[in-house]
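full-length UniProt numbering applies: residue 1 is where the first sequence begins, and numbers increase by one.
Yeah, the Cβ is synthetic: ideal placement off N, Cα and C, and Gly gets one too.
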Amino acid sequence: MYKPISDSFFEVPVLELAQNLVGQYIVHNLENGPLVARIVETEAYHGPEDQAAHSFSNRPTKRTEVMFGRAGLVYTYQMHTHTLMNVVAGAVGTPHAVLIRAGEPIEGLEQMGNNRGNHMKMKDWTNGPGKLTKALGVNMDYYGRHWTEEPLFIAEGPGAIEVVTGPRVGIGNSGEAVDYPWRFFEKDNPFVSKYRP
DNA sequence: AGCAAGATCGCC
DNA sequence: GCGATCTTGCTG
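In structure tokens, the structure reads:
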């Protein structure tokens with residue numbers, strides 16, 4: 001069965017962690033069996049030097065306080081009607097995080113299809129951050145938990161064939177930060193989100 | 001208290 | 001392309 005990856009996996013600089021996460025599994029253990037997706041796309045957020053990061057102000061708020069905690073914590077937040085999930089990176093007091101943007105369904109396909117409504121192609125189940133959380137059944141209840149704890153954790157996956165980088169998506173007017181190549185995704189994978197081709 | 005805006009999605 | 005509809009944070 002799947003088991004959580006070691007704690008030390010998270011204790012690397014945020015850009016490295018964002019790249020290393022591509023190709024790993026996200027596992028959500030539920031009563032009917034595990035939901036598993038292989039991560040194919042991430043983005044690094046590098047507060048407080050990164051104007052696009054929620055932690056740019058370098059001041060903990062109710063929303064962002066978990067980013068100041070230890071590496072590997074779960075940072076979830078709401079965007080309109082959707083939940084997005086992040087992995088906290090960096091030492092305590094350093095508000096870095098990695099946004100999980102897309103995945104490839106591996107196991108629990110029936111359940112993921114039901115979570116998304118069965119009228120679409122499989123690649124549309126998880127090719128965006130809001131879609132992925134919905135397919136996996138993740139919500140704000142996981143805020144502040146750790147990515148090595150049941151029932152929602154990162155497990156070691158097969159890795160990625162080739163990871164390429166590009167500018168981040170959807171961050172609008174963030175000064176120079178809009179051009180930083182801090183998006184990591186597996187080359188030619190059809191589950192990568194399709195903004196900014 | 002009140003309101004504007006956001007690391008988005010799906011349908012018009 | 002635009003509207004949905006939730007939480008946060010600042011008073012625009």
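Segment limits, alpha helix (DSSP H) that includes residue i
i             : result
valine 14     : 14 to 21
glutamate 110 : 109 to 116
proline 129   : 129 to 136
Contacting residues, own chain, Cβ-Cβ under 8 Å from residue i (five flanking each side not counted)
i             : result
glutamate 43  : Ala18, Val98, Leu99, Arg101, Arg168, Val169, Trp182, Arg183 and Phe184
valine 14     : Ala44, Tyr45, His46, Ala89, Gly90, His96, Ala97 and Val98
valine 74     : Val66, Met85, Asn86, Val87, Val88, Tyr142, Tyr143, Gly144, Arg145, His146, Trp147 and Leu152
glycine 166   : Pro181, Arg183, Phe185 and Arg196
glutamate 107 : Gly33, Pro34, Leu35 and Val36
valine 178    : Ala52, Pro167, Arg168, Ile171 and Gly172
Pick from the options that is closest to residue i, judged by C-alpha positions
i              : options                           : result
aspartate 124  : Gln24, Ser193, Asn32 and Val27    : Ser193
leucine 35     : Ala155, Gly130 and Gly93          : Ala155
serine 6       : Tyr142, Pro190, Glu149 and Tyr180 : Glu149
threonine 94   : Ile106, Asn115, Gly72 and His82   : Gly72
threonine 81   : Thr61, Ala160, Met140 and Val12   : Met140
isoleucine 171 : Asn115, Ala52 and Arg59           : Ala52
glutamate 11   : Arg70, Gly33 and Asn32            : Arg70
glutamine 78   : Phe68, Val92 and Arg63            : Arg63
leucine 136    : Tyr2, Ala37, Ser8 and Glu16       : Ala37
asparagine 114 : Val92, Pro60 and Asn32            : Asn32
aspartate 188  : Gly157, Asn127, Phe68 and Ser8    : Asn127
alanine 160    : Phe68, Glu176, Phe9 and Glu41     : Glu41
Own chain partners of residue i with C-beta closer than 6 Å, once the 5 adjacent residues on each side are dropped
i             : result
methionine 85 : Thr76, Ile100, Thr133 and Val138
valine 164    : Lys187
aspartate 50  : Ala177
Unbroken beta strand (DSSP E) run spanning residue i, endpoints
i             : result
residue 248   : Residue numbering for the chain in the displayed model covers 1 to 197; residue 248 lies beyond these limits and cannot be assessed.
threonine 165 : 163 to 166
arginine 63   : Where arginine 63 is concerned, there is no enclosing beta strand (DSSP E), given that its DSSP letter is neither H nor E.
isoleucine 26 : 25 to 30
leucine 152   : 152 to 155
arginine 183  : 183 to 186
threonine 76  : 74 to 79
histidine 82  : 82 to 89
Burial state of residue i (16 or more Cβ within 10 Å)
i             : result
serine 55     : buried
threonine 83  : buried
tyrosine 180  : buried
histidine 28  : buried
proline 105   : buried
leucine 30    : exposed
glutamate 110 : exposed
glutamate 162 : exposed
glycine 157   : buried
proline 129   : buried
Sequence-distant residues of the same chain with beta carbon closer than 7 Å to residue i, five excluded per side
i             : result
isoleucine 39 : Leu21, Val22, Gly23, Gln24, Ile26, Ile100 and Gly103
Within the chosen definition, does the region 116 to 135 reach the region 46 to 64 through at least 3 CB pairs nearer than 8 Å? no
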